[in-house]
Amino acid sequence: MDFVDLFCGAGLASEAAKFIGLNPIAAVDYCPIALASYAKNHPQTRRLGVDLFKDIEDTLHCLHIYKSYNGVIWLSPPCQDFSTAKGSCYEVNNTEAIFELIAKVVYARPNAWIIIENVSPIIHAQYANAWYKVQDAVVQSGRQNVSRTWARNYVFNAWEYGVPQIRTRLILPIPPKGKSLIGLPTPSNKTKTLQECIGKGFKDVDIEHPVLCKAEYEIFKGMPAGGNWHDTEFGRKAALKYMKINKVSKVSDNFARRCSWDDIPPCVLASHRVRLKYGNFVHPEKDRRFTLGEMRQFQTIPKGYIIEGGLKERLRQIGNAVPVQMVARIIKYFLNSC
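So for the sequence shown, the numbering used here puts the first residue at 37; every next one is plus one.
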(Lines of atoms letter the chains of each structure in order from A and count residues from 1; the text may use other names and numbers.)
(Lines give C-alpha, C1' and ligand atoms only; values in the text may rest on other atoms or scores of the structure.)
Protein backbone atom coordinates (compact mmCIF):
# COMPACT_ATOMS: atom_id res chain seq x y z
CA MET A 1 0.00 0.00 0.00
CA ASP A 2 1.24 3.51 -0.86
CA PHE A 3 1.88 6.22 1.74
CA VAL A 4 1.70 10.01 1.32
CA ASP A 5 3.34 12.15 4.01
CA LEU A 6 1.92 15.68 4.30
CA PHE A 7 3.84 18.05 6.64
CA CYS A 8 6.51 15.37 6.45
CA GLY A 9 9.28 17.10 8.42
CA ALA A 10 12.41 14.97 8.49
CA GLY A 11 10.38 11.94 7.36
CA LEU A 12 10.00 9.84 10.50
CA ALA A 13 6.36 8.98 9.73
CA SER A 14 7.53 7.72 6.34
CA GLU A 15 10.23 5.71 8.13
CA ALA A 16 7.55 4.11 10.31
CA ALA A 17 5.48 3.39 7.19
CA LYS A 18 8.43 1.65 5.53
CA PHE A 19 9.00 -0.40 8.67
CA ILE A 20 5.53 -1.98 8.35
CA GLY A 21 5.80 -2.51 4.60
CA LEU A 22 4.13 0.61 3.18
CA ASN A 23 5.61 2.49 0.21
CA PRO A 24 6.20 6.26 0.73
CA ILE A 25 5.54 7.72 -2.71
CA ALA A 26 5.15 11.44 -1.95
CA ALA A 27 6.00 13.98 0.73
CA VAL A 28 5.39 17.69 1.30
CA ASP A 29 6.84 20.23 3.72
CA TYR A 30 7.50 23.95 3.77
CA CYS A 31 10.83 23.76 5.63
CA PRO A 32 13.89 23.36 3.32
CA ILE A 33 16.16 21.80 5.94
CA ALA A 34 13.49 19.22 6.89
CA LEU A 35 13.06 18.31 3.22
CA ALA A 36 16.84 17.96 2.94
CA SER A 37 16.73 15.43 5.79
CA TYR A 38 13.81 13.67 4.10
CA ALA A 39 15.72 13.45 0.79
CA LYS A 40 18.76 11.88 2.47
CA ASN A 41 16.68 9.05 3.93
CA HIS A 42 13.95 8.61 1.28
CA PRO A 43 15.64 9.55 -2.02
CA GLN A 44 13.11 7.68 -4.18
CA THR A 45 10.07 9.53 -2.80
CA ARG A 46 8.61 12.46 -4.75
CA ARG A 47 9.00 15.65 -2.69
CA LEU A 48 7.52 19.16 -2.83
CA GLY A 49 8.52 22.20 -0.81
CA VAL A 50 5.26 24.14 -0.79
CA ASP A 51 2.79 25.65 1.64
CA LEU A 52 -0.06 23.15 1.87
CA PHE A 53 -2.47 25.80 3.15
CA LYS A 54 -2.40 27.67 -0.17
CA ASP A 55 -3.73 25.01 -2.56
CA ILE A 56 -3.93 21.45 -1.31
CA GLU A 57 -5.76 20.15 -4.39
CA ASP A 58 -3.12 21.47 -6.79
CA THR A 59 -0.38 20.02 -4.57
CA LEU A 60 -1.97 16.55 -4.59
CA HIS A 61 -2.32 16.66 -8.38
CA CYS A 62 1.34 17.66 -8.74
CA LEU A 63 2.20 14.57 -6.71
CA HIS A 64 -0.12 12.39 -8.88
CA ILE A 65 -2.41 11.69 -5.92
CA TYR A 66 -5.75 11.68 -7.72
CA LYS A 67 -9.33 11.12 -6.51
CA SER A 68 -9.02 7.35 -7.00
CA TYR A 69 -6.01 7.10 -4.66
CA ASN A 70 -6.60 4.28 -2.17
CA GLY A 71 -3.47 4.31 -0.04
CA VAL A 72 -2.68 6.14 3.20
CA ILE A 73 -2.48 9.92 3.56
CA TRP A 74 -0.71 10.98 6.75
CA LEU A 75 -1.11 14.56 7.99
CA SER A 76 0.90 16.02 10.84
CA PRO A 77 0.01 19.75 10.71
CA PRO A 78 1.85 22.47 12.68
CA CYS A 79 0.80 22.63 16.31
CA GLN A 80 2.24 25.91 17.57
CA ASP A 81 -1.20 27.07 18.78
CA PHE A 82 -1.31 24.33 21.39
CA SER A 83 2.28 23.17 21.84
CA THR A 84 4.53 24.06 24.77
CA ALA A 85 7.48 24.22 22.36
CA LYS A 86 5.88 26.85 20.08
CA GLY A 87 7.47 28.01 16.85
CA SER A 88 7.01 26.83 13.26
CA CYS A 89 8.12 27.58 9.71
CA TYR A 90 4.47 28.18 8.87
CA GLU A 91 2.76 31.55 9.13
CA VAL A 92 -0.55 29.82 9.86
CA ASN A 93 -1.46 30.18 13.53
CA ASN A 94 -5.13 29.49 13.00
CA THR A 95 -6.45 26.15 14.20
CA GLU A 96 -9.55 26.56 12.02
CA ALA A 97 -7.32 26.73 8.93
CA ILE A 98 -5.80 23.39 9.92
CA PHE A 99 -9.23 21.75 10.13
CA GLU A 100 -10.31 23.31 6.84
CA LEU A 101 -7.26 21.71 5.23
CA ILE A 102 -8.06 18.32 6.78
CA ALA A 103 -11.67 18.59 5.58
CA LYS A 104 -10.52 19.28 2.00
CA VAL A 105 -8.27 16.22 1.97
CA VAL A 106 -10.99 13.99 3.50
CA TYR A 107 -13.58 15.13 0.95
CA ALA A 108 -11.28 15.06 -2.10
CA ARG A 109 -9.82 11.57 -1.54
CA PRO A 110 -12.76 9.35 -0.45
CA ASN A 111 -10.96 6.04 -1.05
CA ALA A 112 -7.87 6.88 1.02
CA TRP A 113 -7.04 6.17 4.63
CA ILE A 114 -6.63 9.60 6.26
CA ILE A 115 -4.56 9.49 9.45
CA ILE A 116 -4.02 12.79 11.27
CA GLU A 117 -1.51 13.32 14.08
CA ASN A 118 -1.39 15.93 16.83
CA VAL A 119 -4.81 17.53 16.38
CA SER A 120 -5.69 17.54 20.08
CA PRO A 121 -7.79 20.78 19.90
CA ILE A 122 -10.67 18.77 18.44
CA ILE A 123 -11.48 17.45 21.90
CA HIS A 124 -11.98 20.98 23.25
CA ALA A 125 -15.34 22.71 23.00
CA GLN A 126 -13.95 25.99 21.64
CA TYR A 127 -12.94 24.23 18.42
CA ALA A 128 -16.30 22.53 17.85
CA ASN A 129 -17.22 24.66 14.82
CA ALA A 130 -13.88 23.92 13.14
CA TRP A 131 -14.32 20.20 13.77
CA TYR A 132 -17.82 20.19 12.24
CA LYS A 133 -16.22 21.02 8.87
CA VAL A 134 -14.27 17.78 9.09
CA GLN A 135 -17.40 15.86 10.12
CA ASP A 136 -19.29 17.26 7.11
CA ALA A 137 -16.46 16.24 4.79
CA VAL A 138 -16.47 12.73 6.26
CA VAL A 139 -20.20 12.34 5.63
CA GLN A 140 -20.11 13.89 2.15
CA SER A 141 -17.28 11.59 1.09
CA GLY A 142 -19.36 8.54 2.05
CA ARG A 143 -17.34 7.58 5.12
CA GLN A 144 -18.37 6.39 8.55
CA ASN A 145 -19.42 9.43 10.61
CA VAL A 146 -17.07 10.58 13.37
CA SER A 147 -17.51 12.85 16.38
CA ARG A 148 -15.36 14.70 18.88
CA THR A 149 -16.44 12.19 21.55
CA TRP A 150 -15.28 9.33 19.33
CA ALA A 151 -11.99 11.12 18.65
CA ARG A 152 -11.15 11.26 22.37
CA ASN A 153 -10.52 7.51 22.25
CA TYR A 154 -7.47 8.06 20.07
CA VAL A 155 -5.28 10.02 22.48
CA PHE A 156 -2.23 7.79 22.90
CA ASN A 157 0.61 7.88 25.41
CA ALA A 158 3.82 6.89 23.62
CA TRP A 159 5.17 5.01 26.65
CA GLU A 160 2.22 2.60 26.42
CA TYR A 161 3.25 1.58 22.91
CA GLY A 162 6.87 0.61 23.39
CA VAL A 163 8.37 4.11 23.16
CA PRO A 164 10.75 5.16 25.97
CA GLN A 165 9.19 8.59 26.42
CA ILE A 166 6.31 10.36 28.15
CA ARG A 167 4.61 11.83 25.08
CA THR A 168 0.89 12.25 24.43
CA ARG A 169 -0.39 12.35 20.87
CA LEU A 170 -3.83 12.28 19.32
CA ILE A 171 -3.69 10.10 16.21
CA LEU A 172 -7.03 10.24 14.45
CA PRO A 173 -7.82 7.57 11.83
CA ILE A 174 -10.52 8.20 9.20
CA PRO A 175 -11.08 5.00 7.18
CA PRO A 176 -11.89 4.94 3.46
CA LYS A 177 -15.44 4.97 2.17
CA GLY A 178 -17.24 1.74 3.05
CA LYS A 179 -14.98 0.76 5.97
CA SER A 180 -15.21 1.26 9.71
CA LEU A 181 -12.89 0.88 12.70
CA ILE A 182 -13.28 -1.79 15.36
CA GLY A 183 -11.67 -1.34 18.77
CA LEU A 184 -8.34 0.16 19.78
CA PRO A 185 -4.77 -1.15 19.73
CA THR A 186 -3.67 -2.89 22.92
CA PRO A 187 -0.91 -1.11 24.87
CA SER A 188 2.43 -2.91 24.98
CA ASN A 189 4.50 -3.97 27.96
CA LYS A 190 6.17 -1.50 30.30
CA THR A 191 8.47 0.90 28.47
CA LYS A 192 12.18 1.42 29.17
CA THR A 193 13.52 3.64 31.94
CA LEU A 194 16.34 6.12 31.40
CA GLN A 195 18.76 3.54 32.80
CA GLU A 196 17.60 0.92 30.29
CA CYS A 197 17.45 3.43 27.45
CA ILE A 198 20.68 5.47 27.74
CA GLY A 199 22.51 3.84 30.66
CA LYS A 200 25.48 1.51 30.56
CA GLY A 201 26.32 0.32 27.05
CA PHE A 202 24.48 3.11 25.22
CA LYS A 203 26.44 4.37 22.19
CA ASP A 204 25.58 8.01 21.52
CA VAL A 205 25.35 8.81 17.80
CA ASP A 206 25.21 12.59 18.33
CA ILE A 207 26.76 14.01 21.50
CA GLU A 208 25.87 17.66 20.76
CA HIS A 209 23.34 19.15 23.16
CA PRO A 210 21.73 22.48 24.15
CA VAL A 211 23.86 24.01 26.88
CA LEU A 212 22.70 25.03 30.33
CA CYS A 213 22.91 28.75 30.88
CA LYS A 214 25.01 29.96 33.83
CA ALA A 215 21.99 30.28 36.15
CA GLU A 216 20.76 26.78 35.27
CA TYR A 217 24.21 25.30 35.78
CA GLU A 218 24.33 26.81 39.28
CA ILE A 219 20.89 25.40 40.09
CA PHE A 220 21.72 21.83 39.06
CA LYS A 221 25.32 21.69 40.25
CA GLY A 222 25.45 19.16 43.09
CA MET A 223 21.78 18.15 42.71
CA PRO A 224 21.30 14.36 43.07
CA ALA A 225 19.49 12.21 40.50
CA GLY A 226 15.74 12.69 40.99
CA GLY A 227 16.34 15.86 43.05
CA ASN A 228 14.71 19.23 42.50
CA TRP A 229 14.88 22.90 43.47
CA HIS A 230 14.70 22.02 47.18
CA ASP A 231 18.18 20.46 47.02
CA THR A 232 20.36 23.44 46.09
CA GLU A 233 20.66 27.02 47.30
CA PHE A 234 20.33 28.44 43.77
CA GLY A 235 17.33 26.17 43.17
CA ARG A 236 15.52 27.57 46.19
CA LYS A 237 16.31 31.13 45.08
CA ALA A 238 15.01 30.36 41.57
CA ALA A 239 11.77 28.97 43.03
CA LEU A 240 11.24 32.09 45.18
CA LYS A 241 11.86 34.29 42.14
CA TYR A 242 9.43 32.25 40.05
CA MET A 243 6.72 32.53 42.74
CA LYS A 244 7.21 36.29 42.99
CA ILE A 245 7.11 36.92 39.24
CA ASN A 246 4.11 34.65 38.65
CA LYS A 247 2.33 35.60 41.89
CA VAL A 248 1.85 32.03 43.06
CA SER A 249 2.21 30.62 46.58
CA LYS A 250 4.12 27.46 45.64
CA VAL A 251 5.84 25.65 42.80
CA SER A 252 5.68 22.04 41.69
CA ASP A 253 8.25 19.45 42.71
CA ASN A 254 8.93 19.15 38.96
CA PHE A 255 10.27 22.70 38.89
CA ALA A 256 14.03 22.59 38.22
CA ARG A 257 14.05 18.82 38.67
CA ARG A 258 16.90 16.55 37.63
CA CYS A 259 15.85 13.25 36.05
CA SER A 260 16.23 9.97 37.91
CA TRP A 261 17.60 6.84 36.24
CA ASP A 262 14.30 5.13 37.12
CA ASP A 263 12.23 7.76 35.26
CA ILE A 264 10.60 7.16 31.91
CA PRO A 265 12.41 9.59 29.55
CA PRO A 266 10.71 13.02 29.31
CA CYS A 267 8.88 14.41 26.29
CA VAL A 268 11.31 15.70 23.67
CA LEU A 269 10.46 19.31 22.82
CA ALA A 270 11.47 21.07 19.60
CA SER A 271 13.05 23.93 21.53
CA HIS A 272 16.66 24.52 22.57
CA ARG A 273 15.48 26.41 25.63
CA VAL A 274 13.30 24.21 27.83
CA ARG A 275 11.85 26.20 30.72
CA LEU A 276 12.70 25.26 34.28
CA LYS A 277 9.03 24.87 35.17
CA TYR A 278 8.74 21.84 32.89
CA GLY A 279 11.55 20.05 34.76
CA ASN A 280 12.99 16.66 33.83
CA PHE A 281 15.36 17.89 31.13
CA VAL A 282 18.75 17.49 32.85
CA HIS A 283 20.78 14.27 32.74
CA PRO A 284 20.62 12.15 35.94
CA GLU A 285 24.37 12.41 36.58
CA LYS A 286 25.93 15.00 34.26
CA ASP A 287 25.34 18.75 34.49
CA ARG A 288 23.90 19.04 30.99
CA ARG A 289 20.74 18.66 28.99
CA PHE A 290 20.16 15.47 27.03
CA THR A 291 22.18 15.08 23.84
CA LEU A 292 20.58 14.89 20.41
CA GLY A 293 21.59 11.22 20.28
CA GLU A 294 19.80 10.53 23.55
CA MET A 295 16.71 12.37 22.30
CA ARG A 296 16.80 10.30 19.12
CA GLN A 297 16.76 7.21 21.33
CA PHE A 298 13.69 8.55 23.18
CA GLN A 299 11.96 9.07 19.81
CA THR A 300 12.98 5.57 18.59
CA ILE A 301 14.73 7.13 15.59
CA PRO A 302 16.97 4.56 13.85
CA LYS A 303 20.68 5.14 14.47
CA GLY A 304 21.48 5.43 10.77
CA TYR A 305 18.79 8.02 10.10
CA ILE A 306 20.33 11.28 8.81
CA ILE A 307 19.07 14.61 10.16
CA GLU A 308 20.53 17.69 8.48
CA GLY A 309 21.30 21.14 9.89
CA GLY A 310 22.85 22.76 12.92
CA LEU A 311 22.02 22.06 16.55
CA LYS A 312 18.78 24.06 16.69
CA GLU A 313 17.59 22.77 13.33
CA ARG A 314 18.26 19.14 14.20
CA LEU A 315 16.66 19.57 17.62
CA ARG A 316 13.54 21.03 16.04
CA GLN A 317 13.29 18.12 13.60
CA ILE A 318 13.81 15.53 16.35
CA GLY A 319 11.32 17.23 18.67
CA ASN A 320 8.69 17.65 15.94
CA ALA A 321 9.00 14.01 14.85
CA VAL A 322 6.47 11.38 15.80
CA PRO A 323 7.96 8.42 17.72
CA VAL A 324 8.69 5.91 14.99
CA GLN A 325 7.86 2.77 16.95
CA MET A 326 4.51 4.07 18.18
CA VAL A 327 3.42 5.25 14.73
CA ALA A 328 4.39 1.95 13.12
CA ARG A 329 2.39 -0.09 15.65
CA ILE A 330 -0.69 2.12 15.55
CA ILE A 331 -0.88 2.50 11.74
CA LYS A 332 -0.46 -1.25 11.31
CA TYR A 333 -3.31 -1.81 13.74
CA PHE A 334 -5.60 0.66 11.94
CA LEU A 335 -5.00 -0.89 8.52
CA ASN A 336 -5.69 -4.38 9.85
CA SER A 337 -8.73 -3.42 11.91
CA CYS A 338 -11.30 -3.25 9.16
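All C-beta atoms in this analysis are idealised placements derived from N, C-alpha and C, irrespective of residue type, glycine included.
- Listed in chain order, the beta strand (DSSP E) elements of length 3 or more contained wholly in the region 152 to 204 are 191 to 193.
- Per DSSP, reduced to three states, the secondary structure at aspartate 94 is helical.
- The bridge partners DSSP lists for asparagine 59 are Asp38.
- For isoleucine 207, DSSP records a beta bridge to Glu153.
- Residue environment: glycine 258 is assigned as exposed (fewer than 16 neighbouring CB atoms within 10 Å of its CB, all protein chains considered).
- Between the region 339 to 357 and the region 282 to 297, the count of Cβ pairs shorter than 8 Å is below three; the stretches do not touch.
- Alanine 72 and arginine 324 have their C-alpha atoms roughly 29 Å apart.
- Taking all protein chains in view, the Cβ of leucine 220 is surrounded by fewer than 16 other Cβ atoms within 10 Å, so the residue is classified as exposed.
- Boundaries of the beta strand (DSSP E) around arginine 82: 82 to 84.
- Within the model, the alpha-carbon separation for alanine 364 versus leucine 111 is close to 15 Å.
- Residue environment for methionine 362: buried (at least 16 other C-beta atoms within 10 angstroms of its C-beta).
- Within its own chain, the residues whose Cβ lies closer than 6 Å to the Cβ of aspartate 298, once the five positions on either side in sequence are excluded, are Thr229, listed in chain order.
- A distance below 9 Å separates the beta carbons of leucine 58 and phenylalanine 39.
- Each of Ala62, Asn189, Ile218 was checked against the Cα of isoleucine 207, and the nearest Cα belongs to Asn189.
- Valine 360: member of the alpha helix (DSSP H) spanning 360 to 372, first to last residue.
- Remark: C-beta atoms of threonine 336 and proline 200 approach each other more closely than 9 Å.
- For glycine 329, same chain residues with a beta-carbon under 7 Å away, outside a window of 5 residues either side, are Asp240, Val241, Asp242, Ile243 in chain order.
- The secondary-structure analysis by DSSP pairs arginine 325 across a beta bridge with Val318.
- Out of Arg293, Ser104, Arg83, Thr185, the CA that lies nearest to the CA of histidine 319 is found in Arg293.
- With fewer than 16 neighbouring CB atoms inside 10 Å of its own CB, tyrosine 102 falls in the exposed class.
- Under the rule that a run must span 4 or more residues, the alpha helix (DSSP H) segments found entirely inside the region 209 to 278 read 230 to 234, 250 to 256.
- Its chain contains Asp41, Pro60, His78 as the residues whose beta carbon lies nearer than 6 Å to that of serine 50, once the 5 sequence neighbours on both sides are disregarded; these appear in chain order.
- In the structure shown, isoleucine 109 adopts extended strand secondary structure according to DSSP, grouped into three states.
- Residue pairing by DSSP places arginine 294 opposite Val318 in a beta bridge.
- Taking C-alpha positions only, asparagine 154 is separated from lysine 313 by approximately 23 Å.
- Here valine 170 is not near alanine 148, since their CB atoms are 9 Å or more apart.
- Beyond the five residues adjoining it in sequence on each side, isoleucine 255 comes within less than 8 Å, by CB distance, of Trp265, Thr268, Phe270, Gly271, Ala274, Ala292, Leu312 in the same chain, given in chain order.
- Counting along the chain, glycine 345 sits inside no alpha helix (DSSP H), nor does DSSP assign it H or E at all.
- Straight-line measurement puts the Cα of isoleucine 366 at about 22 Å from the Cα of cysteine 233.
- The C-alpha of isoleucine 56 lies about 7 Å from the C-alpha of lysine 368.
- Contact between valine 142 and valine 174 holds, with the beta-carbon distance rounding to 6 Å and staying under 8 Å.
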